[in-house]
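Numbering (this note's numbering), first residue to last: -16 to 236.
Cβ atoms here follow ideal geometry from the backbone N, Cα and C, with glycine treated the same way.
Computed from a predicted model, the values in this text were never measured in an experiment.
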Amino acid sequence: MTLVLSGLTKAYGGLRVVDNVSLSIPSDGLVGVIGPNGAGKSTLFSLATGFLAADSGTVSFDGRDLTAVPATGRARAGMVRTFQVPREFTHLTVRENLMAAAPDQAGEGLLAVFFRPGAIAAEERAIAARADETLAFLRLDAVAGTPAGRLSGGQKKLLELGRALMTGARLILLDEPFAGVNPVLIEELSARIRDLAARGVGFLIIEHDLRALTRLVSTLHVMDRGRLIASGAPAAVLAEPAVRDAYLGGAAA
Ligand SMILES: Nc1ncnc2c1ncn2[C@@H]1O[C@H](COP(=O)(O)OP(=O)(O)OP(=O)(O)O)[C@@H](O)[C@H]1O
């Protein structure tokens, strides 16, 4: 899994909210993106995953140029994002939410319902089995039958990760996974992310909780006013004067 973003730029009304950003995912697959509010982090994720079209720049994944490929195609290629506000189906149970996240199925075409009922049943069993594995892996089994809307903030973040895993994604872009999550669940979520990274799933993570993020990632990128102003090992990056200035400027603004 390799994501390479090259020269990505997006402007609104002449203001470049993402300005010539280039980065790639190293082989251990644990990368953080930080920056003051409004720095352009979420917009960068949308450009990478195809939710927004870039004005210029390229996105390649596993050596394939995806710049012109829409979000659904990029997800099919193995790259998905989560959002700051979880987008689960609140009335469906946790298990149903996981099953609904599985990618396009043979059974979705109407003709298949008539002509290939056996194939559909087999596929549904396979998806159910994957949902159960995912529930166990994320330690969500106890709430499998609970409507997702009734989960705690932290459990919703785990479910978001689960829904991303159900797509078969090999690179997951997490937008503020620790926001509103209690410290115990932050540890739980971090441990699951580490487990997945060890199995080859890559993560690009936007997070304001610097303490939790720097314990998790090996590489940190800092954005300020659309630009990448620092990249490297977390401790070294956080010690850079430009990074300190950006945060102080952001706090004062
Ligand atoms: N559709 C839009 N039209 C105009 N401006 C936009 C639009 N979307 C985002 N922006 C602006 O782009 C800038 C970057 O926003 P973005 O949400 O990417 O920042 P962020 O770093 O993710 O911020 P936060 O940490 O607060 O989530 C902000 O100034 C925002 O107001």
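Tell me, which residues are paired with Phe44 by DSSP? Taking the first residue of the sequence shown as position 1, residue 44 is located at position 61. The partner list for Phe44 (beta bridge, DSSP) reads Leu(-14) and Arg47.
Contacting residues, own chain, Cβ-Cβ under 6 Å from Gly145 (five flanking each side not counted): Indexing the sequence shown from 1 puts residue 145 at position 162. Its chain contains Leu81, Thr117 and Leu121 as the residues whose beta carbon lies nearer than 6 Å to that of Gly145, once the 5 sequence neighbours on both sides are disregarded; these appear in chain order.
Check whether the Cβ of Ser25 lies closer than 7 Å to any heavy atom of ligand 1, and answer yes or no. Counting from 1 along the sequence shown, the entry for residue 25 is found at position 42. Because some heavy atom of ligand 1 lies under 7 Å away, the Cβ of Ser25 counts as near it: yes.
With a threshold of 8 Å on Cβ separation, who are the neighbours of Leu27 within its own chain once the five nearest residues in sequence on each side are excluded? Within the sequence shown, the letter at position 44 stands for residue 27. Closer than 8 Å at the Cβ level, and outside the excluded window around Leu27, lie Leu(-12), Leu(-9), Val1, Val4, Val16 and Met206.
So the candidates are Arg210, Arg70, Ile8 and His204; which of them puts its Cα closest to the Cα of Leu221? Along the sequence shown, read from residue 1 onward, the residue named residue 221 stands at position 238. That would be His204, whose Cα lies nearest to the Cα of Leu221.
Go to Thr202, then tell me how far its alpha helix (DSSP H) extends in each direction, as first and last residue. As a first step, residue 202 is located in the sequence shown; it is residue number 219 there, counting from the start. In the DSSP annotation of this structure, Thr202 is not part of any alpha helix (DSSP H); the continuous beta strand (DSSP E) holding it starts and ends at Thr202 to Asp207.
I'd like to check one pair, Thr197 with Val240: are the Cβ atoms closer than 8 Å? Residue 240 falls outside the range modelled here, since the chain spans only -16 to 236, and no answer is possible.
Would you list, in sequence order, the uninterrupted alpha helix (DSSP H) runs of no fewer than 4 residues that lie entirely inside the stretch 117 to 172? 136 to 149
Local conformation of Val63 per DSSP, three classes: On the sequence shown, position 80 is the one that residue 63 refers to. Val63: strand per DSSP, three-state reduction.
Check for me: the beta strand (DSSP E) holding Leu245 runs from which residue to which? A question about residue 245 goes unanswered here, because the residues of the chain that appear run from -16 up to 236.
With DSSP as the reference, please indicate the residues paired to Ser5 in a beta bridge. As a first step, residue 5 is located in the sequence shown; it is residue number 22 there, counting from the start. DSSP lists no beta-bridge partner residue for Ser5.
Cβ-based neighbour list, Val226, same chain, cut-off 7 Å, excluding 5 preceding and 5 following: As a position in the sequence shown, residue 226 is number 243, starting the count at 1. If we look at Val226 and ignore the five residues flanking it on each side, its Cβ neighbours are Val205, Ile212, Ala213 and Val220.
Residues in the same chain with beta-carbon distance under 6 Å from Phe78, minus the five sequence neighbours each way, listed in chain order, please. Numbered from its first residue, the sequence shown carries residue 78 at position 95. The residue you asked about is not Phe; residue 78 is Arg in the sequence shown. Same-chain partners within the cutoff: Ala114 and Ala127.
Which residues in the same chain as Ala218 place their Cβ atom closer than 8 Å to its Cβ, once the five residues preceding and following it in sequence are excluded? For this step, residue 218 is matched to residue 235 along the sequence shown. For Ala218, where only same-chain residues beyond five positions count, the Cβ hits under 8 Å are Thr197.
Can you tell me whether Arg108 is buried or exposed? The criterion is at least 16 other CB atoms within 10 Å of its CB, across all chains shown. Position 125 of the sequence shown, counting from 1, holds the residue named residue 108. Looking at its Cβ environment, which holds fewer than 16 other Cβ atoms inside 10 Å, Arg108 is exposed.
Three Cβ pairs or more, each shorter than 8 Å: is that satisfied between the stretch 125 to 142 and the stretch 150 to 167? yes
Can you list, in chain order, the residues of its chain whose CB lies under 8 Å from that of Thr32, leaving out five sequence neighbours each side? Indexing the sequence shown from 1 puts residue 32 at position 49. So the qualifying residues of the chain are Ala54, Arg57, Ala58, Met62, Val63, Arg64 and Leu156.
Report the rounded CA-to-CA distance for Met149 versus Ala111, giving the unit in angstroms. Along the sequence shown, one-based indexing puts residue 149 at 166. Along the sequence shown, one-based indexing puts residue 111 at 128. Taking the straight line joining both Cα atoms gives about 10 Å.
Would you call Gly18 buried or exposed, if buried means 16 or more other Cβ atoms sit within 10 Å of its Cβ? On the sequence shown, residue 18 is found 35 positions in, with the first residue counted as 1. When all chains shown are included, Gly18 counts as buried.
List the DSSP bridge partners of Tyr(-5). Indexing the sequence shown from 1 puts residue -5 at position 12. Tyr(-5) is bridged to Leu(-2).
Ligand 1 heavy atom lying under 7 Å from the CB of Gly56: As a position in the sequence shown, residue 56 is number 73, starting the count at 1. Checking the Cβ of Gly56 against ligand 1 gives no.
Short check: CB of Arg(-1) to CB of Gly209, under 8 Å? As a first step, residue -1 must be located in the sequence shown, where it is residue number 16. As a first step, residue 209 must be located in the sequence shown, where it is residue number 226. Their beta carbons are under 8 Å apart, which means Arg(-1) touches Gly209 by this criterion.
Please look up how many angstroms separate the CB atoms of Val(-14) and Ser7, rounded, as I've assumed it's under 8 Å. Translated into positions along the sequence shown, residue -14 becomes position 3. Translated into positions along the sequence shown, residue 7 becomes position 24. The question names Val, but residue -14 is Leu in the sequence shown. Right, their Cβ atoms sit about 6 Å apart.
Could you check whether the Cβ of Glu106 sits closer than 8 Å to any Cβ belonging to chain B? Absent from the structure: chain B. Only one protein chain is present.
Assign Glu190 to buried or exposed, taking buried as 16 or more other Cβ atoms, counted over all protein chains shown, within 10 Å of its Cβ. Numbered from 1 along the sequence shown, position 207 holds the residue referred to as residue 190. Counting Cβ neighbours within 10 Å, Glu190 comes out buried, since at least 16 surround it.
Contact belief for His74 with Gly132 at Cβ below 8 Å, rounded distance in angstroms: Stepping through the sequence shown from its first residue, residue 74 is reached at position 91. Stepping through the sequence shown from its first residue, residue 132 is reached at position 149. Their Cβ separation, rounded to whole angstroms, is 7 Å, which keeps His74 and Gly132 in contact under 8 Å.
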